[in-house]
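Quick note: the sequence shown uses UniProt numbering, first residue 1, plus one each step.
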Amino acid sequence: MQKSEALFSRAQQTIPGGVNSPVRAFKAVGGTPRFITKADGPYIWDADGKQYIDYVQSWGPMVLGHNNEKIRQAVIDASYNGLSFGAPTEAEVIMAEKVSKLVPSMEMVRMVNSGTEATMSAIRLSRGYTGRNKIVKFEGCYHGHADSLLVKAGSGALTLGVPSSPGVPENVAEHTLTVEFNNLDSVKEVFAAHGDDIACIIVEPVAGNMNCIPPVDGFLQGLRDVCNHYGSLLIFDEVMTGFRVSRGGAQERYSITPDLTCLGKVIGGGMPVGCFGGKRDILTHIAPTGPVYQAGTLSGNPVAMAAGLAALTQIEQDDLYDSIFDNTKALVEGMQALADKHGIPFTTNVAGSMFGLFFTDVKKVTNYQQAINCDTERFKTFYHGMLNEGVYLAPASYEAGFVSKLHDKDIIEKTLQAADKVFATL
Ligand code: PMP
């Protein structure tokens, strides 16, 4: 760990906290973040040369595994023609057509550079389209770091939002109403009070930022019904679930059609890309066809588009999902059996290739309160044990895990052997 330690201490001199995104700093689990030098297939390597089986997968997008040969070659080829033009290209057209084909509710698509930009723009569009100010989000759902979305609940479902970060003005946060995930009554209450001024509901259809929490039966349909009733838009933030819980995302898996969808890193095969899209009639309100302003010099960047097209073409053509889902199921079932064997209170959630591990007595975790009441101390010990055994999980207990096409039966088995050793020490 010497090299990671040296790099971390050097990084802290010029980068706040030594990292460019907070969760990377290992604050939640303690210890030194591993500085990564390379990744390939299901593996990553740190600066000290240690190899890990990686269940972070760049926080989701590497459905095909790291360092996919076709994506790499597409990036190399595109780079020979210049890195950025700030003018339209054919690749953007093909990309929009492909996203729209794979996720049919996205009749029109606008490219951006990150998940944060996608959700921020979708919120502005929903406000501009409906002429309303308020938005509804769920406690524990993360949609990037735009002001309106960095808000958590006050003391009850009807309490107006308070900012969860300094720097977010209260008169921005007060338009964000925060309700409980998987609790339709809390949604109905907030609409009963403010429905005429609610532009949209934004939701992670499978929550992946409070560990992994799938929707309970009827929850997403209930959101659709409430939005229809009040004339509000339903936004699915599929930054994590897109091309992960099904080829067509959570909307395909649960058969619910949102008005707008946000996608992120997955459509760039790991490059800095995102997009938002949805009904034609709504998307035409964006500039230059409509008055809602949204723009970006690097949006639709030619190298990023080449990477994204290479990723989505494989996702479209390969018969990936059955085996990824089987392997994910084998992983969580194996983990549960081992925890039971060692007498450790533990439960799991799974949705396609996303999974969650919870150290708790609760049999099924379905909401934020249950997720944050899990035993974080035990998770920390488990985390470092697994790291030591060569398994890299997300360095916080409130994050989902991800399985790629290249996490085959052998990799799952190795992970379970590591977990067996680590559970024995807890
Ligand atoms: N939405 C969701 C559901 C996310 O998980 C994330 C980040 N992982 C974002 C939005 C923000 O994406 P980005 O970090 O690319 O800005």
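Note that beta-carbon positions come from the ideal geometry of N, C-alpha and C, so glycine has one too.
- The beta-carbon separation of G300 and E117, rounded to 12 angstroms, does not stay under the 8 angstroms limit for a contact.
- At a threshold of 6 angstroms, S126 does not count as near ligand 1, since its beta carbon sits no closer than that to any of the ligand's heavy atoms.
- Leaving aside the five residues that flank Y293 on each side, the residues in its chain whose CB is nearer than 6 angstroms to its CB run, in chain order, A287.
- The C-beta distance from G385 to T425 rounds to 6 angstroms, short enough to fall under 8 angstroms.
- Counting other Cβ atoms within 10 Å of its Cβ, S79 stays below 16 and is therefore classed as exposed.
- Assignment of Q57 by DSSP, reduced to helix, strand and coil, places it in the coil class.
- A straight line joining the alpha-carbon of K364 with that of G128 spans about 39 angstroms.
- Excluding the 5 residues flanking it on each side, P215 has same chain C-beta neighbours closer than 7 angstroms at N182, P205, V206 and Y254, in chain order.
- Annotation for V350: T328, K329 and V332 place their beta carbon closer than 7 angstroms to its own, counting only its chain and skipping 5 residues before and after.
- C-alpha of G222 to C-alpha of A28: approximately 34 angstroms in a straight line.
- Between ligand 1 and the CB of S58, the shortest heavy atom gap is not smaller than 6 angstroms.
- For the segment 192-225, the continuous beta strand (DSSP E) assignments of 3+ residues that do not extend past its boundaries occur at 198-203, in sequence order.
- Judged by pairs of C-beta atoms under 8 angstroms, the segment 60-68 touches the segment 32-42, as three or more such pairs exist.
- For G86, DSSP assigns no beta-bridge partner whatsoever.
- Contact check for F276 against A96 fails: the beta carbons are separated by 7 angstroms or more.
- Contact annotation: L393 and G334 have beta-carbon atoms that are not nearer than 7 angstroms.
- The C-alpha of M111 is placed about 20 angstroms away from the C-alpha of N81.
- If you compare the alpha carbons of K279, Y368, T347 and Q317 with that of P104, the shortest gap goes to K279.
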